[in-house]
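I have placed the structure first, in the form of C-alpha cells, so that the comments after it can refer back to it.
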Amino acid sequence: MSKEIKIEKKVLSENERLAAELRNKMVLNGVLSLNIVSSPGAGKTSLLENTLSDLKDEFKIAVVAGDVQTENDANRLIKAGGEWVRPLVTGGSCHLDARMISRALKNLDLKKLDLLIIENVGNLVCPSSYDLGEYMKVVVISVPEGDDKPLKYPGMFKRSGVMIVNKTDLLGTSDFSMKEVKKNARSINSDLDIIETSCSTGEGIEEWYGWLRKHIRRVRKKSV
Amino acid sequence: MHELSIAEAIINSTLDEVSKHEGCKVEEVGLRIGTLSGVMPDALEFAYEIAVRDTALDGSRISMEIVPATGICSECGESCSFEMTPFICLACGSFKIDLKGGYELDIAYIRIESP
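Chains as they are written, first to last, in our numbering: chain W, 8 to 231; chain Z, 864 to 978.
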C-alpha cells in the first residue's frame, strides 16, 4: 500500500536559512552586502578594481571573489588596493551558496565594515537560485553580449535591483542598442536601476559610486 | 549545471522526512518547479537518477509539476500568466507586473510504500 505525505518545503530551505542569518548579521552591523552577477567576461572584476582603488579611503570594503578555477580575480583586487579580499574557488561548481559565504566571512569583523561585495561565478542561470543573504543583486552586462540578454535570462534580471551596462566604449562597434537593452530590461523588471559604465575610459563610474553611497547610507540608517 | 546540487538537496530533505517513517520505501518525490527557478526539468531528472544511487532512496523517482510565471498588473489589476518574456500585461500593455509565481522550487509531497 502506498500513501502520499505532504511536505511543502523549499528544496533550498537550508540555503535560505543560512542566507537569512547572513542578512540579519549584515543589517545589524550596518553593512551593505551586494551579490554581483554576470556572464563570464562582462567586467565584474574590472568594475571592482575601479571601486576598490577609488573608494578604499572612503569606505571599509570586503570582497569575496568567486571563481571556478584560479585566484586571478582575487589577486587583481588585492593589487587594486583591496584590504580584505578572499578568493572562493568552487572547483567546478557553477554558483556560490550561502554556506560558502558564511565560511569565507568567518574571520571578518563586520562592525568595522561598510560594504561587502560578493563577486559570483560568471553565469546568469545557476547563481539566480541561491540567495547569499545579500541586500541586492547587481547584474552586469556588457555591450558585446547583445541587447537581448535580459529577455534570455529573465530570472536573474527580475531578481536584481540594478543593472550595469559595461564597456560603453564599444558602443557603435556592433548593432547593440542602448535604448533596446533598457527597454528589454525594464520589460522584465520595471523597477530596475540602470547605470552605463566603461571601466576602460571611466565613463559612468561616478554614477555607480553615487549609487553605492546612497545605498550604504540607507543600510546604515536601518541599523541605527 | 547546478541541477546536481539541487538533486542532492532534494535527497537530503527527503531522507530527513523518511527517517520519521521507519521501514518505509519512497516511491516518488513530488516537486513544484517554477519556470523562473533556473532549473531545467530534464536535467534535474537525470541528476536525480545519478545522485539517488546508493542512498536509501535508490529506486525512487521524481514527479514535477511545472508552475508558469504568473503575476498581477500593478496598473490595471489584471492577472497574467507568461510563457515567454517579456512580462507585459495582456490587458493594458504595462510592464509593471508584480510576479506571484514562477520561482517555485519546492518539495510538495513524498509517496511512500508502507511495509
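Quick reminder that beta carbons are idealized off the backbone N, C-alpha and C, glycines included. Please read these numbers as outputs of a predicted model, since none were measured by experiment.
DSSP, read as helix, strand or coil, puts Lys963(Z) in strand. At a cut-off of 8 Å between beta-carbon atoms, Gly162(W) makes contact with chain Z. In this structure, Gly73(W) lies near Leu103(W), with their beta-carbon atoms less than 8 Å apart. Contact annotation: Ser197(W) and Phe945(Z) have beta-carbon atoms that are not nearer than 8 Å.
Within the model, the alpha-carbon separation for Met903(Z) versus Lys228(W) is close to 41 Å. When DSSP reads this structure, Met143(W) sits in a beta bridge with Leu41(W). The three-state reading of DSSP puts Asp879(Z) in helix, counting H, G and I together. Under DSSP, Gly940(Z) shares a beta bridge with no residue.
Ranking Lys119(W), Asn82(W), Gly209(W), Leu54(W) by CA distance to the CA of Met33(W) puts Lys119(W) first. Arg974(Z) belongs to the set of residues whose beta carbon lies under 8 Å from a beta carbon in chain W.
The alpha carbon of Ile202(W) has as its nearest neighbour, out of Ile195(W), Arg225(W), Asn173(W), the alpha carbon of Asn173(W). At a C-beta separation below 7 Å, Phe909(Z) has no neighbours in chain W, since its nearest C-beta there lies roughly 16 Å away. With 16 or more other Cβ atoms from the protein chains shown falling within 10 Å of its own Cβ, Asn22(W) counts as buried. In this structure, Val892(Z) sits away from Ala919(Z), with a CB-CB distance that is not shorter than 8 Å.
A direct Cα-to-Cα measurement between Lys63(W) and Glu866(Z) gives close to 38 Å. When DSSP assignments are scanned along the region 128-192 of chain W, the uninterrupted stretches of alpha helix (DSSP H) that are 4 or more residues long and fall wholly within it turn out to be 156-159, 161-166.
In this structure Leu123(W) is buried. Its beta-carbon is surrounded by 16 or more other beta-carbon atoms within 10 angstroms. Only those residues of the region 948-962 of chain Z whose C-beta falls short of 9 Å from the nearest C-beta of chain W are listed: Thr948, Pro949, Phe950, Ile951, Ser957, Phe958, Lys959, Ile960, Leu962.
Nearest CB-CB separation between Val930(Z) and chain W: not below the 8 Å threshold. With its beta carbon less than 8 Å from one in chain W, Asp969(Z) belongs to the interface. Under the Cβ criterion (8 Å, minimum of three pairs), the region 151-166 of chain W does not count as touching the region 24-39 of chain W. Chain-order list of chain Z residues neighbouring Ile14(W): Glu880, Ile970, Ala971, Tyr972, Ile973, by C-beta distance under 7 Å.
Around the beta-carbon of Val150(W), 16 or more other beta-carbon atoms lie within 10 Å, marking it buried.
Within chain Z, no C-beta atom comes nearer than 9 Å to that of Glu28(W); the closest sits roughly 17 Å away. Restricting attention to Met947(Z), Ser868(Z), Tyr972(Z), Thr948(Z), the CA atom closest to the CA of Arg924(Z) is found in Tyr972(Z). Within the region 17-64 of chain W, the complete alpha helix (DSSP H) runs of at least 4 residues fall at 20-35, 51-62. Ser197(W) sits in coil when the DSSP states are folded into three classes, being neither helix nor strand. Under the 10 Å beta carbon count, Asp879(Z) is surrounded by fewer than 16 other beta carbons and is classified as exposed.
Under the DSSP assignment, Gly217(W) falls in the alpha helix (DSSP H) whose first and last residues are 212-230. It is roughly 10 Å from the alpha-carbon of Ser181(W) to the alpha-carbon of Glu152(W). Within the region 886-929 of chain Z, the complete alpha helix (DSSP H) runs of at least 4 residues fall at 904-914.
Interface with chain Z (8 Å Cβ-Cβ cutoff): Ile195(W) is included. In the three-state DSSP reduction, Ala105(W) falls in the helix class (H, G or I). DSSP, read as helix, strand or coil, puts Ile869(Z) in helix.
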